[in-house]
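Participant: Sharing a structure here in structure tokens format.
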Amino acid sequence: MIEVKNIEKTYRRGDGTPVAALKDVSFKIEQGEFVTIRGASGSGKSSLLNILGCLDTPTSGSYLLEGEDVSHYTDTQRSHLRSRRIGFVFQSFNLLPRTTARENVELPALYTGRPVDRDKVLFLLDRVGLGARSQHFTTELSGGEQQRVAIARALMNDPSLLLADEPTGNLDSTAGQSIMELLTELHKEGLTIVLVTHDEETASYAERLLFIRDGVIATDRSQPGKTSTTSNHSERQS
Amino acid sequence: MKVFLIFLMALRSLARNPLRSFFMMLGVTIGIASLTALASVGEATKQETMQRFKRMVGNYNIVNIVPGAARTRGMPSLTTVEPSLTFEDAKALARDASSVAQVAEAQNAFDIDVKYRNKTTAAAIYGISSNWLEMHSYFIETGDVILDDDVNSLARIAVIGPDVQAALFANEDPIGKQLRIANVPFQIKGVLVSRGAGPGGSSMDSIVFIPVTTASKRLFNRNYLTTITLQLKDPDNPQTGIKEISSILRGRHKIVPPIEDDFTVSSPRATAEQVSDVRSTLGTILFGVAAIATIIGGAVIMSLMLIAVSERRGEIGIRRALGATRSDVMMQFLIEAATISFIGGLAGVALGIGGGAIAASQQQLPPVVMWSAILGAMLLSVVLGLVFGLQPAWKAAKIDPIEALRS
Chain A
1 MIEVKNIEKT YRRGDGTPVA ALKDVSFKIE QGEFVTIRGA SGSGKSSLLN
51 ILGCLDTPTS GSYLLEGEDV SHYTDTQRSH LRSRRIGFVF QSFNLLPRTT
101 ARENVELPAL YTGRPVDRDK VLFLLDRVGL GARSQHFTTE LSGGEQQRVA
151 IARALMNDPS LLLADEPTGN LDSTAGQSIM ELLTELHKEG LTIVLVTHDE
201 ETASYAERLL FIRDGVIATD RSQPGKTSTT SNHSERQS
Chain B
1001 MKVFLIFLMA LRSLARNPLR SFFMMLGVTI GIASLTALAS VGEATKQETM
1051 QRFKRMVGNY NIVNIVPGAA RTRGMPSLTT VEPSLTFEDA KALARDASSV
1101 AQVAEAQNAF DIDVKYRNKT TAAAIYGISS NWLEMHSYFI ETGDVILDDD
1151 VNSLARIAVI GPDVQAALFA NEDPIGKQLR IANVPFQIKG VLVSRGAGPG
1201 GSSMDSIVFI PVTTASKRLF NRNYLTTITL QLKDPDNPQT GIKEISSILR
1251 GRHKIVPPIE DDFTVSSPRA TAEQVSDVRS TLGTILFGVA AIATIIGGAV
1301 IMSLMLIAVS ERRGEIGIRR ALGATRSDVM MQFLIEAATI SFIGGLAGVA
1351 LGIGGGAIAA SQQQLPPVVM WSAILGAMLL SVVLGLVFGL QPAWKAAKID
1401 PIEALRS
């Protein structure tokens, strides 16, 4: 599904001195995995996320997304990858201001050039538990609800990979927990999820943990993965 | 499909920020409104001028040939013209010029004494062919016009203008009376309807018409003409006719360039168009100011768009993350700029038509709706939006999504 081989990412400071954000990073993520990338700020996890999300390209090394080496793709090619293969969930939700929940979920479809499937939009909003609030403006929604809209939006083009960058970072613990439960459910339905966080509690939902420190993968281990705590979620899965 | 969706999105985005959108279009609206108003008032003035000219010239769709080169000034008269234009020329044109519907001949002199009993007045004497009066839109008040029979028989009859009537026949019916033109007796056959002042400001009513043959053989003893008037088959296109006429006359007069023509062909229509096309300096300045206002409107769009792009960095980052390419972003902002400019232009056209109609009615001009100007204004507003939207759109497209999402 994802294969990262010897990826390096070097930035240049204002004065021209190079700073290595990622040094020789390699790992594989299989289809359907739920992986957490943990690391302190400045560890290189954002750089890694940007490369995984095809927002950025590595300085060297290769990134295979579903067997396709995309490490040297052009800006336009990467835009198409983001459009069709990758769903983003951000810490600050990043919904468009002054738009409704429905309009936000429709947005990714716009850039595929295909007509918007309204039924799917409503289905996805229903799936994240906001079926009744599709016409609400984003400002009328709570943080947890906004993040649900963002998740529905990320799923609009049926991505092969969902990238979540601190999805609970701006939420209180209850709302954060319910977002993590929603992600866990989606994972159980077969979605590949890569979660970036520095929060241990959030990280504990994943089955596998990549710990990044100073631009290298320091730890790569499996963990039990916190399945949903309430039984009704499990029932929905079966 | 995508373009259409992006267009709808641009509309929504403009609607989301009504105040900003309003200020964006304001400049274009004012500019386009003044351009449209000025254009329609200008066109109304032009049409009014043409109308007046038409009334003055009488028949508007004629072509006149006078002897002498173009630099000869003033009204032609037997005493001032070269004897280069002949009866034979007129006949040849009637026969050979395929663009010509009919030909009228005239031989005239000014300030000739006209007497009735003990009263004397000075009038212009026009020896004319029978079709001349109609071609020049002179109409008969009482009596009758000059007929072919009169011309063929060298009849000593006259049709007089109202000024001559007033000067010589204060309390009498002039029809049938005998007056003397340079001591040659003529019987009055008709009196004309008043035409008022001519192009030079002098009265067009102090005039006597007689058959051209009579004038040539019995009055002036001259065998050349002062004017040949032609009616073209296609009056809307005088240039073709003028070319043909000129080449026939050049052939007959054996004129080979670089020798200049010994005749001048002109059309009142062309002259009128020339005259009414001359815009006043003030009009030109106003037009320039309006054009500058429109361009400033475009610049306003550009600056507000630039601000909007900065404000919407986050939105642009989100769109890029969700799969928008640089060109998608560029197109979005270009479409927004063009759309707002077009809406501004539309409002401007509406205001301009209204303002132009009010201005025209105050000057008692006919209201004119210039579709070409309206279409032009709309096109201009779209182009303006695209041109001035280019830089903001380019700036938006260049935004790095990673940077934009971080902020």
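Protein chains in written order, with this note's numbering: chain A, 1 to 238; chain B, 1001 to 1407.
In this text, a Cβ means the ideal position worked out from N, Cα and C, and glycines have one as well.
All values reported here derive from a predicted model rather than from experimental measurement.
(1) Applying the 10 Å Cβ sphere with the 16-neighbour rule, what's the burial state of B:GLN1187?
(2) Let me confirm a value: B:ASP1236 is counted as buried when at least 16 other C-beta atoms fall within 10 Å, else exposed. Which label applies?
(3) For chain A, is any of its Cβ atoms less than 9 Å away from the one on B:ARG1052?
(4) Cα separation between B:VAL1265 and B:ILE1125?
(5) What is the DSSP secondary structure of A:ASP56, reduced to helix, strand or coil?
(6) Go to B:GLN1391, then tell me how far its alpha helix (DSSP H) extends in each direction, as first and last residue.
(7) Confirm the yes/no value for this check: CB of B:GLY1356, any heavy atom of the ligand COA, distance under 8 Å.
(8) Residues of the stretch 118-135 of chain A with a CB closer than 9 Å to any CB of chain B: list them in chain order, please.
(9) Once you ignore the five residues that flank B:GLN1047 on each side, which residues in its own chain have a CB closer than 7 Å to its CB?
(10) Just to confirm, is the Cβ distance from A:MET156 to A:LEU124 under 9 Å?
(11) In whole angstroms, give me the CA-to-CA distance for B:PHE1087 and B:GLY1376.
(12) My assumption, with CB atoms under 8 Å, is that B:PHE1263 sits in contact with B:ILE1112. Please give the rounded CB distance.
(13) Cβ closer than 9 Å: which chain B residues qualify as neighbours of A:ASP69?
(14) Of all the CB atoms in chain B, is at least one closer than 9 Å to the CB of A:ASN170?
(15) State the Cα-Cα distance for the pair B:ARG1117 and B:ARG1252, rounded to the nearest angstrom.
(16) Please list the terminal residues of the continuous beta strand (DSSP E) segment that includes A:PHE211.
(17) Report all residues from its chain with a CB closer than 7 Å to the CB of B:ILE1402; omit the five preceding and five following residues, and keep chain order.
(18) For A:ILE29, which residues of its own chain have a beta-carbon under 6 Å away from its beta-carbon, when the five flanking residues on both sides are left out?
(19) Short of 6 Å in beta carbon distance, which residues of its chain neighbour B:ALA1104, apart from the five on each side in sequence? Order them along the chain.
(20) Please tell me whether A:ASP220 and A:LYS23 are closer than 9 Å, where the distance is taken between their beta carbons.
(21) Classify B:ALA1069 as helix, strand or coil using the three-state DSSP reduction.
(22) Does DSSP classify B:ASN1064 as helix, strand or coil?
(23) If distances are taken between C-alpha atoms only, which option among B:ILE1140, B:ILE1340, B:THR1226, B:ASN1152 comes closest to B:ARG1195?
(24) When the Cα atoms are used, what is the spatial distance from A:LEU171 to A:ALA40?
(25) Taking the CB atoms as reference points, tell me whether B:GLY1385 and B:ALA1033 lie closer together than 9 Å.
(26) Does any residue of chain A bring its CB to less than 9 Å from the CB of B:SER1327?
(27) Between which two residues does the beta strand (DSSP E) containing A:ASN6 stretch?
(28) Does chain B have any CB closer than 9 Å to the CB of A:LEU48?
(29) So, does the CB of B:ILE1301 fall closer than 9 Å to a CB anywhere in chain A?
(30) Look up A:THR112 in the DSSP assignment and say whether it is helix, strand or coil.
(31) Using a Cβ cut-off of 9 Å, which residues of the stretch 1-25 of chain A contact any Cβ in chain B, in chain order?
(32) Mapping DSSP to helix, strand and coil, what is B:ASN1017?
(33) How is A:LYS23 classed by DSSP in three states: helix, strand or coil?
(34) So is A:THR59 in contact with chain B if we call contact Cβ pairs under 9 Å?
(35) Name the one or two DSSP bridge partners that B:ALA1104 has.
(36) Quick check on the DSSP output: the alpha helix (DSSP H) that includes B:PRO1162 runs from which residue to which?
Facilitator: Result, derived from the coordinates:
(1) Exposed.
(2) With fewer than 16 neighbouring CB atoms inside 10 Å of its own CB, B:ASP1236 falls in the exposed class.
(3) Residue contact check for B:ARG1052 against chain A: no CB pair falls below 9 Å.
(4) Roughly 22 Å separates the two Cα atoms.
(5) In the structure shown, A:ASP56 sits in coil (DSSP, three-state: anything other than H, G, I, E or B).
(6) Taken as a continuous stretch (DSSP letters only), the alpha helix (DSSP H) holding B:GLN1391 covers 1371-1398.
(7) As for the ligand COA, it is missing from this structure, which has no ligand bound.
(8) Contact residues of the stretch 118-135 of chain A toward chain B are absent (C-beta to C-beta distance below 9 Å).
(9) Result list for B:GLN1047: PRO1366, VAL1368, in chain order.
(10) Yes; because the gap between Cβ atoms is below 9 Å, this pair is in contact.
(11) Taking the straight line joining both Cα atoms gives about 50 Å.
(12) About 24 Å separates the two Cβ atoms, so there is no contact after all.
(13) When 9 Å is used as the limit between beta carbons, A:ASP69 is near no residue of chain B, the shortest such separation being about 20 Å.
(14) Answer no: the Cβ-Cβ gap between A:ASN170 and chain B never drops below 9 Å.
(15) Approximately 45 Å between the Cα atoms of the pair.
(16) 208-213 is the extent of the beta strand (DSSP E) around A:PHE211.
(17) Excluding residues within five positions, none has a Cβ falling inside 7 Å.
(18) Taken in chain order, the residues that qualify are MET1, ILE2, VAL35.
(19) Its chain contains SER1129, ASN1131, TRP1132, MET1135, THR1229 as the residues whose beta carbon lies nearer than 6 Å to that of B:ALA1104, once the 5 sequence neighbours on both sides are disregarded; these appear in chain order.
(20) Taking 9 Å as the cut-off, the Cβ atoms of A:ASP220 and A:LYS23 do not count as close.
(21) Three-state DSSP puts B:ALA1069 in coil, outside helix and strand.
(22) The three-state secondary structure of B:ASN1064, taken from DSSP, is strand.
(23) When only C-alpha atoms are compared, the closest one is B:ILE1140.
(24) Taking the Cα positions, A:LEU171 is about 19 Å away from A:ALA40.
(25) At least 9 Å separates the beta-carbon of B:GLY1385 from that of B:ALA1033.
(26) Chain A contact via Cβ: present.
(27) For A:ASN6, the enclosing beta strand (DSSP E) begins and ends at 2-12.
(28) Closer than 9 Å to the CB of A:LEU48 there is not a single CB belonging to chain B.
(29) Taking 9 Å as the CB threshold, B:ILE1301 stays off the interface with chain A.
(30) Correct three-state label for A:THR112: coil.
(31) Going along the stretch 1-25 of chain A in chain order, one finds no residue with a Cβ nearer than 9 Å to chain B.
(32) DSSP places B:ASN1017 in coil when its eight states are reduced to three.
(33) Correct three-state label for A:LYS23: strand.
(34) Contact with chain B is absent for A:THR59, since none of that chain's Cβ atoms lies less than 9 Å from the residue's Cβ.
(35) When DSSP reads this structure, B:ALA1104 sits in a beta bridge with B:THR1229.
(36) Going by DSSP, B:PRO1162 is part of the alpha helix (DSSP H) stretching over 1162-1168.
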